[in-house]
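**Student:** Before anything else, here's the structure in question.
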Amino acid sequence: MLDLTWTVLLTLLVISTAESANILAIFPTASYSHQMPLLAIARALAERGHNLTVITPNPLTEPKANYTEIDVSFSYEYWKPKSNKEQLIKLQKKMNHWEIIPIFQGFSKMIEIQLNSTPIQNFIKYIDREKVKFDLVLYEDLMHTAYLGILPKIGSPPLITLLTLNLPCSLDDCFGSVCNPSYVPDLMTGFTNKMSFLERFENYMFSLYMYIFINPKMFRIQDDLALKYFGLTSHSTIQLVQNKSLILSTTSWLYQYPRPVYPYTINVGPTHIGTTKPLPKVKYTSYYCCYQ
């Protein structure tokens, strides 16, 4: 009987014991539509007891004890057409896929401004001074790879990348996916899965142009930023982002055309929708009477 009692007590002790993780979330894009699904995941992890450090332009109005924010909200000033800052990201008009390319260059400038800012510099100094280590990094998988230069400083933890868009073929070298541009339309071209020959050709040429000319240039800029602000010399930033453990897409298969992906790509969206409230009960008698 005594042995059974000890067995039950030890079992309850093991079951009730949980260890929280120390998680760094890197969500630098100054766009509300990007931030809401990403922050929903970070806040849900914090509610489950994990310790979150989040780089975001959308800080909480009521911070939590286990939820630390690195505020880069100043980034929005560089998106506004009427501001005292240079507008780096111009989205005030409809653009085709060729006109979108300069936006990537604006992203690179934006990342350098963020990395050189006081909040980020203070965070880097804190990491160096306290030798802080993280158990996991959540990273918004866009052209922000310079941020991944921090990985060796924090113990090279596992990397989970998140994406608030459908997987673009032109960035497959980041995602590790396989996309045949003759059959799978790139997100930025706006084509459907029933492309004409000319559309297939243009889709292919756009992906090829991104792969040969734009992506290498953008990653070189990101490598230079990672070297400048984190002293990264052991790896290129594309090697760091390719060494991911999981891709979480906050969209849904309903919003994209069929395409092959590897098992580590998981759709988890929509994540920004919380608990829904019941619809109010409305009496239709008065409306019905009006139409008699």
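For the sequence shown, the residue numbers in mature numbering (1 follows the signal peptide of the UniProt record, and there is no 0) are -20 to -1, 1 to 272. We treat Cβ as the ideally placed atom computed from N, Cα and C, and that holds for glycine.
Answer with buried or exposed for T217, where buried requires no fewer than 16 other C-beta atoms within 10 angstroms of its C-beta.
**Tutor:** Classification for T217: buried.
**Student:** Give me the Cβ distance between R239 and C159, rounded to the nearest whole Å; I'm assuming they're in contact under 8 Å.
**Tutor:** Going by Cβ atoms, the distance from R239 to C159 rounds to 6 Å, so yes, they are a contact pair.
**Student:** Any idea which residues DSSP pairs Y5 with across the strands?
**Tutor:** The question names Tyr, yet the displayed sequence has Ala at residue 5. BP columns for A5 point to V34, L118.
**Student:** Could you say which of A26, M123, A5 lies nearest to L131 if we only look at CA atoms?
**Tutor:** Closest by alpha carbon: A5.
**Student:** Unbroken beta strand (DSSP E) runs of length 3 or more, entirely within the segment 123 to 193: which are they?
**Tutor:** With a minimum length of 3 residues, the continuous beta strand (DSSP E) runs that stay inside the segment 123 to 193 are 139 to 143.
**Student:** I'd like to check one pair, G249 with S225: are the Cβ atoms closer than 8 Å?
**Tutor:** Contact flag unset, no.
**Student:** Just the Cα atoms here: how many angstroms apart are I104 and M168?
**Tutor:** In a straight line, the C-alpha of I104 is about 34 Å away from that of M168.
**Student:** Can the beta-carbon of Q202 be found less than 8 Å from the beta-carbon of M123?
**Tutor:** Going by C-beta atoms, Q202 is nearer than 8 Å to M123.
**Student:** For L228, does the three-state DSSP call read helix, strand or coil?
**Tutor:** Of the three classes helix, strand and coil, the one that applies to L228 here is strand, per DSSP.
**Student:** Going by DSSP, what residues sit across from E110 in a beta bridge?
**Tutor:** In DSSP, E110 forms no bridge with anything.
**Student:** Could you give the distance in angstroms between the alpha-carbon of V34 and the alpha-carbon of V221?
**Tutor:** Using only the alpha carbons, I get a separation of about 18 Å.
**Student:** Less than 8 Å between C-beta atoms, sequence neighbours within five positions excluded: which residues of the same chain meet that for F199?
**Tutor:** If we look at F199 and ignore the five residues flanking it on each side, its Cβ neighbours are T125, S216, T217, I218.
**Student:** Give the straight-line distance between the Cα atoms of I253 and Q15, rounded to the nearest whole angstrom.
**Tutor:** Cα to Cα, the separation comes out at about 13 Å.
**Student:** Going along the chain, which residues of its own chain have a beta-carbon closer than 8 Å to the beta-carbon of F114, five neighbours each way excluded?
**Tutor:** If we look at F114 and ignore the five residues flanking it on each side, its Cβ neighbours are N2, I3, L4, T33, I134, G135, P137.
**Student:** What does the Cβ neighbour count give for E49, buried or exposed, with the cut at 16 atoms within 10 Å?
**Tutor:** Buried.
**Student:** Can you give the Cα-Cα distance for T172 and K111, rounded to whole angstroms?
**Tutor:** Spanning the two alpha carbons is a distance of roughly 49 Å.
**Student:** Suppose you measure from the CA of M90 to the CA of Y58; what does that come to, to the nearest Å?
**Tutor:** Roughly 8 Å separates the two Cα atoms.
**Student:** Look up D51 in the DSSP assignment and give the residues it is bridged to.
**Tutor:** Bridge partners of D51: T36.
**Student:** Helix, strand or coil for I246, going by three-state DSSP, please let me know.
**Tutor:** Residue state, collapsed to three classes: strand.
**Student:** Can you give the Cα-Cα distance for R180 and I227, rounded to whole angstroms?
**Tutor:** Cα to Cα, the separation comes out at about 27 Å.
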